[in-house]
Amino acid sequence: MSPRGRAKLLVSRSFPNLLPSRWCTARRCSLSASGSKQKVEPSALASRNLKKPLASGSLTSCRSSRRFEAFERMGKSPTCELLYDWGTTNCTVADLVELLLRNQFLAPASLLLPEAVKEAQEVTLPLSSQETLPIDEKRLPIQEKEVAAVKPSPSQNTEEQPSTASYLSQENNSSQSSNTDFHNFWFRDLESVTNNFDARPESDGGNKLGEGGFGVVFKGYINGRNVAVKKLAAMVDISAQDLKQQFDQEIEMMAKCQHENLVELLGFSSDGAQPCLVYEYMPNGSLLDRLACLNDTPPISWDTRCKIAQGTANGINFLHENNHIHRDIKSANILLTDTYVPKISDFGLARASVTFTQTIMTDRVVGTAAYMAPEALRGEITPKSDIFSFGVVLLEIITGLPPVDENREPQLLLGIKDEIEDEEATIEDYIDAKMHDWDATSVHKMYSIADQCLNEKKNRRPNSKTVQQHLQEIKA
């Protein structure tokens, strides 16, 4: 995504409560380098080392602090004045990023210019709708129960390894992990069943099903059934330690949480150059691909879409009731069986919490930006962020549109909510034209649920149980 797109995202998402939306419409402040509107925390910046480029020189920290304090005493908004000042003095996005980096505001800086943050601290936060951001967290003041890492130990037997064909039929095999009931596969056997991890797309005769921020997924065939083998590899700047954490965390998560709307983990491999996870195969791929009718697949009916929404809500509610936060709910992570039963996948970013009521903080933003709640962009970990992400998925189900499109206005799908609220459009204007069996009543009910899920204030969003119950009331 371009710096302008990242700037727009930062404006609309990171600090939604700093400026009244009507004021922003009436008084737009642009940064000359990209034409992008910016929102920053003036109290935080002014009290620290604020040094803004000016035509006549630099604004010192002391002067700026007194200046903004004076605005506040006069009843004016320091945020508005800061934006006006920056928007009328030829400041650039690069200047803003430099200021954010100087004051250690890494999350908003990385949303604008990831490469600048990478140069400063070797950290990259990708914004592609299909990429997953890296995870490297440390505990901040609010504590959380540590998720125990699963450390599978491959067999040390030097004799001939058993063939993959007989592997699944062996009960309590000595090569299985002592910590879980999952099968521990030999890496070389997974190579064999995936045609040496043939990277050609399945449509071209290969085995590749897809890829994400932590690796590539391949189709395999074991014991008379198709499987999906995820070979973990750093698709973005992720350390080996991060990759190992993702691997262990996903196994631990899947051992604790088994549900009809969560993808089933069959086993893993840890003896090769790259760790692998083996899942049940989902014939209809992801919800994202089916909504886009990828490979000329037929459009999904409204009745089926309602069932997909209901099943996904069931899965999210199960996770939340078991004190787990997924943190990367998106249509690409909702996989579909041959009968379109939805199953949530990719639990490497999930977090467990003892109380599940307190907000946990992290020093790195993780997830997929087009789905992320404002508080998630600031590093908060809360179940209400999953609800926000699911609200975006509901909009995808209604509209058939991708979550982000730089050639569309609004670029972010969740932006249609503002257009509808401002009476510039109606939800009927956005209903998927490929779908012909919808009815207005059920569409409006689903949009109403999505609207509640997308509330910028997390405490005003419904919980997963409420969302589940409301979706069950929809009759397609």
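With this note's numbering applied, the sequence shown corresponds to residues 7 to 482, in that order. Using N, Cα and C, we set each Cβ at its ideal position, and we do this for glycine too.
{"query": "Cα separation between M80 and T94?", "result": "22 Å"}
{"query": "Using the three-state DSSP reduction, which class does H330 fall into: helix, strand or coil?", "result": "strand"}
{"query": "Taking 8 Å as the threshold (C-beta atoms), are C299 and K236 in contact?", "result": "no"}
{"query": "If I measure Cβ to Cβ from F274 and keep anything under 8 Å in the same chain, skipping five residues before and after, which residues do I get?", "result": "P158, S183, F188, H189, N190, F191, F253, I257, P281, C282, L283, V284"}
{"query": "Go ahead and pull the three-state DSSP assignment for C282.", "result": "strand"}
{"query": "According to DSSP, H265 sits in a beta bridge with which residue or residues?", "result": "Its beta-bridge partners do not exist; DSSP assigns none."}
{"query": "Relative to the C-alpha of T447, which residue among K423, L477, E425, S470 is closest?", "result": "L477"}
{"query": "Q247: buried (16+ other C-beta within 10 angstroms of its C-beta) or exposed?", "result": "exposed"}
{"query": "Under a Cβ-count criterion, where at least 16 other Cβ atoms within 10 Å of its own Cβ denotes burial, should E512 be classed as buried or exposed?", "result": "No information on residue 512 is available, as it lies outside the stretch 7 to 482 that the chain covers here."}
{"query": "For W444, which residues from the same chain have a beta carbon less than 7 Å from its beta carbon, with the 5 sequence-adjacent residues on both sides left out?", "result": "W308, I437"}
{"query": "Going by beta carbon distance, what residues of the same chain come within less than 6 Å of A319, once the five residues before and after it are set aside?", "result": "V473, Q474, L477"}
{"query": "What residues match up with F324 in a beta bridge as DSSP calls it?", "result": "None; F324 has no bridge partner."}
{"query": "I need the straight-line Cα distance from P305 to A76, nearest angstrom please.", "result": "59 Å"}
{"query": "Tell whether a beta-carbon distance below 8 Å holds between I322 and F396.", "result": "yes"}
{"query": "What residue range does the alpha helix (DSSP H) around V103 cover?", "result": "99-108"}
{"query": "Please report the distance separating the alpha-carbon of Q422 from that of N465.", "result": "It should be noted that the sequence gives Ile, not Gln, for residue 422. Between I422 and N465, the C-alpha separation is close to 22 Å."}
{"query": "Roughly how far, in whole angstroms, is the beta-carbon of P389 from the beta-carbon of H326, given that I think they are within contact range, below 8 Å?", "result": "5 Å"}
{"query": "Using only the alpha-carbon positions, how far apart do D558 and F394 sit?", "result": "No information on residue 558 is available, as it lies outside the stretch 7 to 482 that the chain covers here."}
{"query": "I'd like to check one pair, L107 with A115: are the Cβ atoms closer than 8 Å?", "result": "yes"}
{"query": "Just to confirm my understanding: we take G230, look at its own chain, exclude 5 residues before and 5 after, and list those with CB closer than 6 Å. What are they?", "result": "none"}
{"query": "Between L238, L119, I403, L88, which has its C-alpha nearest D352's C-alpha?", "result": "L238"}
{"query": "Taking only three categories from DSSP, how would you classify G221?", "result": "strand"}
{"query": "Nearest-angstrom Cα distance between E429 and E402?", "result": "20 Å"}
{"query": "Taking the alpha helix (DSSP H) that A115 belongs to, which residues open and close that run?", "result": "112-118"}
{"query": "Short of 6 Å in beta carbon distance, which residues of its chain neighbour A456, apart from the five on each side in sequence? Order them along the chain.", "result": "G397, L400, L401"}
{"query": "Taking the alpha-carbon positions, what's the P409 to D424 distance?", "result": "15 Å"}
{"query": "Could you tell me how far apart the beta carbons of N213 and F203 are, in whole angstroms, since I believe they sit closer than 8 Å?", "result": "7 Å"}
{"query": "From what residue to what residue does the beta strand (DSSP E) around G81 run?", "result": "Premise fails: G81 is in no beta strand (DSSP E) and is neither H nor E."}
{"query": "Rank V223, L272, A279 by C-alpha distance to the C-alpha of K250 and give the top, closest one.", "result": "A279"}
{"query": "G211: buried (16+ other C-beta within 10 angstroms of its C-beta) or exposed?", "result": "exposed"}
{"query": "Would you identify the three-state DSSP class for K237, choosing helix, strand or coil?", "result": "strand"}
{"query": "Given E78, which residues of its chain have a CB within under 7 Å of its CB, disregarding the five upstream and five downstream residues?", "result": "P84"}
{"query": "For L341 versus G385, is the C-beta spacing smaller than 8 Å?", "result": "no"}
{"query": "Between F193, Q316, P207, which lies nearest to K451 when the distance is taken from Cα to Cα?", "result": "Q316"}
{"query": "With the cut-off set at 8 Å, would you say G226 and V269 are in Cβ contact?", "result": "no"}
{"query": "CA-CA distance, P468 and E197?", "result": "45 Å"}
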